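Engineer:
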Amino acid sequence: MGKRRGKPRVYPLPQHGVRRDQLSHAALRVTSRLQEAGFSAFVVGGAVRDLMLDVSPKDFDVATNATPEQVHHLFRRSRIIGRRFRIVHVMMGPETIEVTTFRGGSVDDTNETGRIMADNSFGSQEEDAHRRDFTVNALFYDPSNETVIDYHNGVRDLHAKKLVMIGQPARRYQEDPVRMLRAVRLAAKLGFEIDDDTKKPIRSHAHLLKKEPPARLFDELLKLLMSGHAYACLKKLREEGLARGVFPLLDAVIDDKGGEDAFLKLSLDSTDARLRADKPISVGFLLATLLWRQVAQGWQRRCEAGEKSLPALLDAISDVENEQDNDFAIPRRFSVTMREIWTLQARFDSRTGGRPYRFLEQPRFRAAYDFLALRSEAGEVPSALVEWWERFQRADGDECERLIAEAKEGGAEEPAKKRRRRRSGRRKPEGAGESAE
């Protein structure tokens, strides 16, 4: 495991290859202004790690010996946030840089299990490095001379593709149980192995996560699902014993046998692809795919028992929602989208009369259609159904009527009563791809 060292190893540019012009404009400005004011300032953590791996960082964090108040005084567009540990958000254009003061070696307050409750003691760079979680996240980059400062053999572990906890892993997990989830996410995202000493206490300490606030666990789950390697993260959660019983949302998603869920894998692969292409992600859509297997199984059971399709689907949805509300409340802004996408699945079979026209006017039609396309790709519904709706969306008035007649001849569901058909001039739905929240 990562051991504390007195004197750091300093790597010059030729040994690490990270140039200052690879930093964002905002990160470079923040470190420069702090240094010009007489403070130490370094880009730190995941950004340094990613740059050394030739990966574009999602954001840049800065560590300094300036106090939060001193940082706030230097930057007009900034604010101090946090209670457990105060940090400063510095806004520059569209970018926000998180600036933290070097943390000290002591912890202000812990509870009976060792969980850190307050942590506002400041210290030296060495102490700050020792307080970070993994060795590869404890690297400091100084833009002024383009050096990397390493107190815990992080560069060595990075080249070995190994995730190593700094300090005693069991104690670090007690201080903050969410570190176990970060270990899984980083290992899956980076393709790293978790060091044996770092991995060993995870299974026996998994129960500590149950005491974390549901909102914090939900945020960590979203980080896993939106890591760009979502399915690998879920598999790693199962391997390390962190899925069942910890995330009620995942209990029905990840089985202990390690079986592949074709629909879920397709959905998460699609999300990963959208993230790589910098396309927006609908969290409601993502959660709808995550829980779909539960809904689909309940829907099928009810239909086989003789219930009509739509009432059967609504009952299945209610069962899943009730279970989630009891264990792991999903924010309403996401659950509403999720329910609408599910509910609309029963309407795709209705392709006669005026129903298809009215369906296209639904605000969530496109998200529901994308969901249907995933179901088709996973073999749940015929591809011909998806193709019909794709053609109908793009057709003009006469072609729409021909498609409806074709569907009727093919045995599509008849409307409950005869309705007057629209002639033409129908507006097509706005947008393409998953709808926004």
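Quick note: the sequence shown uses the working numbering, first residue 33, plus one each step. Glycine included, C-beta positions come from ideal geometry on N, C-alpha and C. Note that the structure is a prediction, hence the values are computed from the model and not measured.
Pop quiz: E127 and A79 are said to be a contact at Cβ under 8 angstroms. What is the actual Cβ separation, rounded to whole angstroms?
Structural biologist: Walking along the sequence shown from the start, residue 127 turns up at place 95. Walking along the sequence shown from the start, residue 79 turns up at place 47. Actually they do not touch by this definition, with Cβ atoms about 12 angstroms apart.
Engineer: What residue range is occupied by the uninterrupted alpha helix (DSSP H) comprising V87?
Structural biologist: Taking the sequence shown and counting its residues from 1, the one referred to as residue 87 is at position 55. No alpha helix (DSSP H) holds V87; DSSP gives it neither H nor E.
Engineer: By Cβ distance, which residues of its chain are closer than 6 angstroms to R390, with the 5 residues on each side in sequence left out?
Structural biologist: The residue labelled residue 390 in the question sits at position 358 within the sequence shown. The answer is none, since no qualifying residue turns up.
Engineer: Taking DSSP's pairing of strands, which residues face S110 in a bridge?
Structural biologist: Counting from one through the sequence shown, the residue named residue 110 turns up at place 78. Paired residue(s): V122.
Engineer: Could you tell me the distance, in whole angstroms, from the CA atom of K267 to the CA atom of N169?
Structural biologist: Translated into the one-based positions of the sequence shown, residue 267 becomes position 235. Translated into the one-based positions of the sequence shown, residue 169 becomes position 137. Going by the C-alpha atoms only, they are around 23 angstroms apart.
Engineer: DSSP state of A73, grouped into three classes?
Structural biologist: The count along the sequence shown starts at 1 and reaches residue 73 at position 41. A73: strand per DSSP, three-state reduction.
Engineer: How many angstroms separate the CA atom of H105 from the CA atom of R65?
Structural biologist: Numbered from 1 along the sequence shown, position 73 holds the residue referred to as residue 105. Numbered from 1 along the sequence shown, position 33 holds the residue referred to as residue 65. C-alpha separation (whole angstroms): 12 angstroms.
Engineer: Buried or exposed for E252, going by 16 or more other Cβ atoms inside 10 Å?
Structural biologist: Sequence index remark: in the sequence shown, residue 252 carries index 220 (1-based). Classification for E252: buried.
Engineer: I'd like the list of long-range same chain contacts for R407, defined as Cβ closer than 7 angstroms, with 5 residues on each side in sequence excluded.
Structural biologist: For the purposes of this step, residue 407 is taken as the residue at position 375 of the sequence shown. Here the set comprises F295 and V413.
Engineer: Output needed for V42: all residues of its chain with C-beta closer than 6 angstroms, excluding positions within five of it in sequence on either side, in chain order.
Structural biologist: Numbered from 1 along the sequence shown, position 10 holds the residue referred to as residue 42. So the qualifying residues of the chain are T179 and I181.
Engineer: For the beta strand (DSSP E) containing V94, name the first residue and the last one.
Structural biologist: Counted from its first residue, the sequence shown places residue 94 at position 62. It spans D93 to T96 - the beta strand (DSSP E) in which V94 sits, taken as one unbroken run.
Engineer: Do the segment 339-359 and the segment 421-429 touch if we need at least three Cβ pairs shorter than 8 angstroms?
Structural biologist: Verdict: no, contact absent.
Engineer: Taking the alpha helix (DSSP H) that E419 belongs to, which residues open and close that run?
Structural biologist: Your numbering for residue 419 matches position 387 in the sequence shown. Run containing E419: S415 to R426, per the alpha helix (DSSP H) assignment.
Engineer: Using a Cβ-Cβ cut-off of 7 angstroms (strictly less than) and excluding sequence neighbours within five positions of A202, which residues of its own chain qualify?
Structural biologist: The sequence position of residue 202 within the sequence shown is 170, counting from 1. Correct list, in chain order: P233 and H237.
Engineer: Helix, strand or coil, according to DSSP, for R383 in the structure here?
Structural biologist: Mapped onto the sequence shown, residue 383 falls at position 351. Coil at R383, not helix or strand.
Engineer: Could you say which of F403, R365 and A437 lies nearest to S382 if we only look at CA atoms?
Structural biologist: Residue mapping note: residue 382 aligns to position 350 of the sequence shown, counting from 1. Answer by Cα proximity: A437.
Engineer: Could you compute how far the alpha carbon of R270 sits from the alpha carbon of E225?
Structural biologist: For the purposes of this step, residue 270 is taken as the residue at position 238 of the sequence shown. For the purposes of this step, residue 225 is taken as the residue at position 193 of the sequence shown. For R270 and E225, the distance between alpha carbons rounds to 15 angstroms.
Engineer: Report the residue from S415, G136 and A427 whose alpha carbon sits nearest the alpha carbon of L392.
Structural biologist: Translated into the one-based positions of the sequence shown, residue 392 becomes position 360. Out of S415, G136 and A427, A427 has the C-alpha closest to the C-alpha of L392.
Engineer: Going by the DSSP bridge assignment, what does V42 pair with across the sheet?
Structural biologist: Numbered from 1 along the sequence shown, position 10 holds the residue referred to as residue 42. Looking at the DSSP assignment, V42 forms a beta bridge with I181.
Engineer: Does N185 pass the burial test, meaning 16 or more other C-beta atoms within 10 Å, or should it be called exposed?
Structural biologist: Residue numbering aside, residue 185 sits at position 153 when the sequence shown is read from its first letter. Looking at its Cβ environment, which holds 16 or more other Cβ atoms inside 10 Å, N185 is buried.
Engineer: Residues in the same chain with beta-carbon distance under 6 angstroms from D174, minus the five sequence neighbours each way, listed in chain order, please.
Structural biologist: Translated into positions along the sequence shown, residue 174 becomes position 142. Same-chain partners within the cutoff: F74.
Engineer: With distances taken between CB atoms, is the gap from Q67 to S176 smaller than 7 angstroms?
Structural biologist: By one-based count along the sequence shown, residue 67 stands at place 35. By one-based count along the sequence shown, residue 176 stands at place 144. A contact, by the Cβ cut-off of 7 angstroms.
Engineer: Closest by CA to R52, which one among F172, A328, L404 and A378?
Structural biologist: Sequence index remark: in the sequence shown, residue 52 carries index 20 (1-based). Selected option, being the one with the closest Cα: F172.
Engineer: Using only CA atoms, which one of V87, K39 and V62 lies nearest to V50?
Structural biologist: Counted from its first residue, the sequence shown places residue 50 at position 18. Among V87, K39 and V62, the Cα nearest to that of V50 is on V87.
Engineer: Less than 7 angstroms separating the beta-carbons of R303 and A247?
Structural biologist: Residue numbering aside, residue 303 sits at position 271 when the sequence shown is read from its first letter. Residue numbering aside, residue 247 sits at position 215 when the sequence shown is read from its first letter. The residue you asked about is not Arg; residue 303 is Thr in the sequence shown. No; because the gap between Cβ atoms is not below 7 angstroms, this pair is not in contact.
Engineer: Rounded to a whole number of angstroms, what is the C-alpha to C-alpha distance between K90 and D402?
Structural biologist: Taking the sequence shown and counting its residues from 1, one reaches residue 90 at position 58. Taking the sequence shown and counting its residues from 1, one reaches residue 402 at position 370. The alpha-carbon atoms of K90 and D402 are separated by roughly 27 angstroms.
Engineer: Please name the residue in E372, V315, A328 and Q200 whose C-alpha comes closest to that of P363.
Structural biologist: Here the question's residue 363 lines up with position 331 in the sequence shown. Considering only alpha carbons, the answer is V315.
Engineer: If we count the other Cβ atoms within 10 Å of its Cβ and call it buried at 16 or more, is S350 buried or exposed?
Structural biologist: In the sequence shown, counting from the first residue as 1, residue 350 sits at position 318. So S350 counts as exposed.
Engineer: Can you tell me whether E207 is buried or exposed, with buried defined as 16 or more other CB within 10 angstroms of its CB?
Structural biologist: Here residue 207 corresponds to residue number 175 of the sequence shown, with the count starting at 1. By the 10 Å Cβ count, E207 comes out buried.
Engineer: State the start and end residues of the unbroken beta strand (DSSP E) segment that holds E130.
Structural biologist: What you label residue 130 is simply residue 98 of the sequence shown in a count that begins at 1. Start and end: E127 to T133.
Engineer: With a floor of 4 residues, list each alpha helix (DSSP H) that falls wholly inside the segment 309-389, ordered by position along the chain.
Structural biologist: 315-322, 324-336, 341-359 and 364-376, all fully within the segment 309-389.
Engineer: Answer with buried or exposed for A264, where buried requires no fewer than 16 other C-beta atoms within 10 angstroms of its C-beta.
Structural biologist: In the sequence shown, the residue the question calls residue 264 occupies position 232. With 16 or more Cβ atoms within 10 Å of its Cβ, A264 is classed as buried.
Engineer: May I ask you to report which of helix, strand or coil DSSP gives M197?
Structural biologist: In the sequence shown, counting from the first residue as 1, residue 197 sits at position 165. Strand, per DSSP.
Engineer: Could you give the residue range of the beta strand (DSSP E) that holds F172?
Structural biologist: On the sequence shown, residue 172 is found 140 positions in, with the first residue counted as 1. Looking at the DSSP string, the run of the beta strand (DSSP E) that includes F172 is L171 to D174.
Engineer: Can you list, in chain order, the residues of its chain whose CB lies under 7 angstroms from that of K255, leaving out five sequence neighbours each side?
Structural biologist: Within the sequence shown, residue 255 is the residue found at index 223, counting from 1. Closer than 7 angstroms at the Cβ level, and outside the excluded window around K255, lie R217.
Engineer: State the beta-bridge partners of F166 as determined by DSSP.
Structural biologist: As a position in the sequence shown, residue 166 is number 134, starting the count at 1. Beta-bridge pairing links F166 to M197.
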